[in-house]
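Notes for the one structure printed next.
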Amino acid sequence: LPAITAGDDGGIWAASLSNAPFNIDNGGRMHAVTSVRDSIQCAYRDRHGVVWLGGPQGLWRLQGSTFVRVELPTDVRHGIQSLAIDGADRLWISVVRRGVYRRTSDKWEKLDYQPDPAVYILADGPGRTWLGYTNNRLVRVDGDVSRTFTTADGLRVGNILAIQVR
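The opening position of the sequence shown corresponds to residue -12 in my numbering, with each subsequent residue numbered one higher.
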């Protein structure tokens, strides 16, 4: 699956597990990203316009025109499959085979809303964070309170690969 996110002024950033990241500017010109040579599984643009890339080998944040590696929790050895920045500027990541982590300032904490990693993470405008899982499971985190939705609540969508909040 490709990782795609918005760029500046109508451009896009894109990558995949088999292709290194690149940027297409609003004029349609393609630019290779030379600071990240690894496979990418997810791309994200936060509300400040910062682009993030995550994949099997790590996590990167765009600073100026270069992607720099972001330090991960010490127990993380597998890839980043989803990420988001919430309303309090905390970074959320879902790590393959490890689970969900949240970084406040420079401190990481592992969150145990479900026994497995989230497939998709979204932070919405009102300040909630939504975590999509496999097998009809959705978690909404509002402050320090979480609520899990399942088939018992009428959720019958299968694996949650994307979330759109209205």
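Glycine included, every Cβ here is placed at the ideal spot set by N, Cα and C.
Problem - Of the listed residues R34, W79 and N6, nearest to G112 (C-alpha basis) - result: R34
Problem - A19 versus A139 - alpha carbon distance - result: 47 Å
Problem - DSSP bridge partner residues for S133 (one or two, in chain order) - result: V128
Handout entry: Three-state class that DSSP yields for G15 in the structure shown
Key = coil
Problem - Test item: CB-CB of V37 and L46 under 8 Å - result: no
Practice task
Locate the beta strand (DSSP E) running through Q138, then write down its first and last residues.
Solution key: The identity of residue 138 in the sequence shown is Thr, whereas the question assumes Gln. Note, T138: premise wrong, no beta strand (DSSP E); not H, not E.
Practice task
Work out the CA separation of T21 and I11 for me, nearest whole Å.
Solution key: 14 Å
Exercise for the section: In angstroms with no decimal places, state the Cα-to-Cα distance between T91 and T61. Expected result: 16 Å
Handout entry: Cα-Cα separation, D99 to S52
Key = 35 Å
Exercise for the section: Report the option in R85, A105, D129 and R24 whose CA atom is closest to the CA atom of V169. Expected result: One cannot answer for residue 169 here, as it falls past the ends of the chain, which runs -12 to 153.
Handout entry: Local Cβ density within 10 Å of Q(-10), reported as buried at 16 or more and exposed below that
Key = Note that residue -10 corresponds to Ala in the displayed sequence, not to Gln. Buried.
Handout entry: For A110, the first and last residue of its enclosing beta strand (DSSP E)
Key = Y107 to A110
Problem - CB of K94 within 8 Å of CB of G86, strictly - result: no
Practice task
Give every residue of the same chain whose Cβ lies closer than 6 Å to the Cβ of S3, excluding the five residues on either side of it in the sequence, and list them in chain order.
Solution key: P(-11)
Exercise for the section: Look at T135 and A71 and say whether their C-beta atoms are less than 8 Å apart. Expected result: no
Problem - Three-state class that DSSP yields for G(-6) in the structure shown - result: coil
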